[in-house]
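Undergrad: This is the structure I want to talk about, given as structure tokens.
Residue numbers (full-length UniProt numbering), protein chains in the order written: chain R, 1 to 408; chain S, 1 to 256.
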């Protein structure tokens, strides 16, 4: 166990260390002083101004909390709402957890190195808050838990650290939305997330990003999946940002552990996305799948994927498909790394345009050319995610429907 | 009524249809024969309006409207539909949604009950044509036409690749689509019922199996871009199976 001082010391040394990839940010441009917001209860949540409500809903947040097992909402640096309705599931602000519970030290900075780069360092040196969501052994979440990191203060640098733990034999579904208030223009979001999927546990994590045009986003996340565990990681980003760079990594450390990543990205003009997924398969029987669908609508998208098979009897597949609709760049970088005999790894990558033949086919069924294109794009972006609860599939479908208006 | 007059068509700079004249009256179904590469599919695609098939001369009229240069979707709205031989896969679009699209999103069309008619209920939640076998594609295309219910139907080899079990299903469904399956009622004689048929069909076939399920009014042979023969379809089929398409060459020469 590290002491907090040791962590701070390592963070200090890395505070100016650029990330391995992606545009470098000058963090001195942003404010990181805490912003006060008072706690709001369930009724107040329902009576938020319509514009703010809409921003939350767009990020997948059900403000009625009806079909959710728990809610965590952080506005700028303050936790404004945190409750949980289901036994066996805990939702705790991380600052509170660090003060009150010893067990958190078994997880805090255990998967992500605090000195990875200046962004992880900032999350330690000026930690604002974040959520700890834990499903106790055997607990099954009936409804998904929702978390929202909301940014309201212009020019803020939001430093967040999240820890998600699915204990043995538990099942946990989380939807997390990141969004900004309608007036917010500029800011940075640095978010560290550590996922622990224990023996035979199932965790689904669906993240919907709804940023603003001048936002810089640097999530840093690492997951560890034990024997028989399943980690489903979904990422949807349909809205502009200035730059977004992340390369979430998963370690399949137990036999028959499974990880599946699905991401859907629509790149708007002036936006730069460098997004990937990396999965290490370290025990026989491990399975991994990465599926990415990207559309460039004038933005720049680097879509990475990296599968590393370290032992025999593993299977991994990477699928990366991109459509260039209205200019822009899609750079697909699929990587497969087999370290031994007996690995089975494959990838398919394609970057292109909509096939004329498909448009004509739909037109011969009566659709106008524009409707035919929209139908094909919607189909391209819709991925079936096995094992995802229907409420979350509905959120993803809604986000995709919503994006139609922007893409066309 | 479909009227094609002196139609000349180019594909990628090469003339593929030469001075075609063809007329299909309401209630009529024509069979189109011809060896591979003779231009049969091209004729169907040109009637449907695929822009790569460039009309360099002549005219196509449907229901009195000149459609020679009309976009595909406007032809579909006017009542032309096609069952393709090799349609593209559309990823992420469920067959169920496609059926609704074909029905113009009308509420009175129930994909389930339509799918039942072609034994295709299990495919409604699969992506359109994704991994479908030859026979499944045919049934999917028929399902789409059932929902679209066009007045002129173009079938590109509807029975190829269909197994014995499903060939009857495909045959009777086409007969039904083309109103060939009707029977007299107390109020109307068979002749009256036949006269009231409005659906038109143009069917490409190599084997003629389709003729076992419906009566076609006329057969046509397309050879090297030229319509060389118009006769009773069964007679044509018999002639081709006995003498081959070489006989069509003689007919073409004779007619010129």
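Backbone N, C-alpha and C fix where the C-beta goes; we use that ideal spot for every residue, glycine too.
What residues in the region 41-61 of chain S bring their beta carbon closer than 7 Å to a beta carbon of chain R?
TA: Residues 48 and 50.
Undergrad: For residue 189(R) and residue 125(R), which I take to be in contact (beta-carbon distance under 8 Å), what is that distance rounded to the nearest angstrom?
TA: Residue 125(R) and residue 189(R) do not touch by the CB rule: their CB atoms are close to 16 Å apart, not below 8 Å.
Undergrad: Using only alpha-carbon positions, find the residue among 122(R), 305(R), 68(R) and 176(R) that is nearest to residue 288(R).
TA: Of the listed residues, the one whose Cα sits closest to residue 288(R) is 305(R).
Undergrad: Helix or strand or just coil, what does DSSP make of residue 191(R)?
TA: In this structure, residue 191(R) counts as strand in the three-state DSSP scheme.
Undergrad: Which residues in chain R sit within 7 Å of residue 93(S), going by Cβ to Cβ distance?
TA: 375 and 379
Undergrad: Report the start-end ranges of each beta strand (DSSP E) in the region 236-278 of chain R that is 3 residues or longer and not cut off at the edges.
TA: 243-246, 249-252, 258-267 and 272-275
Undergrad: According to the neighbour-count rule (16 or more other Cβ atoms, all chains shown, within 10 Å of its Cβ), is residue 333(R) buried or exposed?
TA: exposed
Undergrad: Which residue or residues does DSSP assign as beta-bridge partners of residue 217(S)?
TA: Answer by DSSP bridge pairing: none, since residue 217(S) is not bridged.
Undergrad: For a cutoff of 8 Å on Cβ pairs, would you count residue 255(R) as touching chain S?
TA: no
Undergrad: Using three-state DSSP, classify residue 66(S) as helix, strand or coil.
TA: strand
Undergrad: Look up residue 6(R) in the DSSP assignment and give the residues it is bridged to.
TA: In the DSSP output, where bridge partners are listed per residue, residue 6(R) has none listed.
Undergrad: Which first and last residues belong to the beta strand (DSSP E) in which residue 309(R) is found?
TA: Residue 309(R) -> beta strand (DSSP E) spans 300-309.
Undergrad: Which residue comes first and which comes last in the beta strand (DSSP E) that contains residue 380(R)?
TA: No beta strand (DSSP E) contains residue 380(R), which is instead part of the alpha helix (DSSP H) from 369-381.
Undergrad: Let's see if you can read the secondary structure: which residues bound the beta strand (DSSP E) around residue 161(S)?
TA: Where residue 161(S) is concerned, there is no enclosing beta strand (DSSP E), given that its DSSP letter is neither H nor E.
Undergrad: Rounded to the nearest angstrom, what separates residue 39(R) and residue 79(R) at their Cα positions?
TA: For residue 39(R) and residue 79(R), the distance between alpha carbons rounds to 7 Å.
Undergrad: Run down chain S in chain order and give the residues with a C-beta less than 9 Å from the C-beta of residue 337(R).
TA: What residue 337(R) touches in chain S: nothing, since even the nearest Cβ is about 28 Å away.
Undergrad: Quick check on DSSP: helix, strand or coil for residue 134(S)?
TA: helix
Undergrad: Please determine if the region 42-53 of chain R and the region 63-79 of chain R are in contact, where contact requires at least 3 C-beta pairs separated by less than 8 Å.
TA: With a cut-off of 8 Å on Cβ pairs, the region 42-53 of chain R is in contact with the region 63-79 of chain R, counting three or more such pairs.
Undergrad: Any idea what DSSP makes of residue 325(R), helix, strand or coil?
TA: coil
Undergrad: Sort 209(S), 181(S) and 167(S) by Cα distance to residue 197(S) and report the nearest one.
TA: 181(S)
Undergrad: Candidates 151(R), 206(R), 244(R) and 261(R): which alpha carbon is nearest residue 24(R)'s?
TA: 244(R)
Undergrad: Return the bridge partner residues of residue 100(R) from the DSSP annotation.
TA: In DSSP, residue 100(R) forms no bridge with anything.
Undergrad: Going by CA-CA distance only, name the one from 176(R), 266(R) and 329(R) that's closest to residue 377(R).
TA: 266(R)
Undergrad: Helix, strand or coil for residue 245(S)? Go by DSSP, reduced to three states.
TA: coil
Undergrad: List in chain order: all unbroken beta strand (DSSP E) runs of 3+ residues lying wholly within the region 31-116 of chain R.
TA: 70-75, 78-84 and 89-93
Undergrad: Does residue 399(R) get closer than 8 Å to chain S when you measure Cβ to Cβ?
TA: no
Undergrad: In chain R, what lies closer than 7 Å to residue 82(S) by C-beta?
TA: 364
Undergrad: Against residue 87(S), what residues of chain R qualify as contacts under a CB-to-CB distance less than 8 Å, listed in chain order?
TA: Under the 8 Å cutoff, chain R gives 361.
Undergrad: Using a Cβ-Cβ cut-off of less than 7 Å, list which residues of the region 325-356 of chain R approach chain S; keep chain order.
TA: Listed by position, the residues of the region 325-356 of chain R near chain S (Cβ gap below 7 Å) are 355.
Undergrad: Answer with buried or exposed for residue 156(S), where buried requires no fewer than 16 other C-beta atoms within 10 angstroms of its C-beta.
TA: buried
Undergrad: Residues in its own chain within less than 8 Å of residue 124(S) by CB, not counting five upstream and five downstream?
TA: 94, 95, 96, 99, 111, 112 and 115
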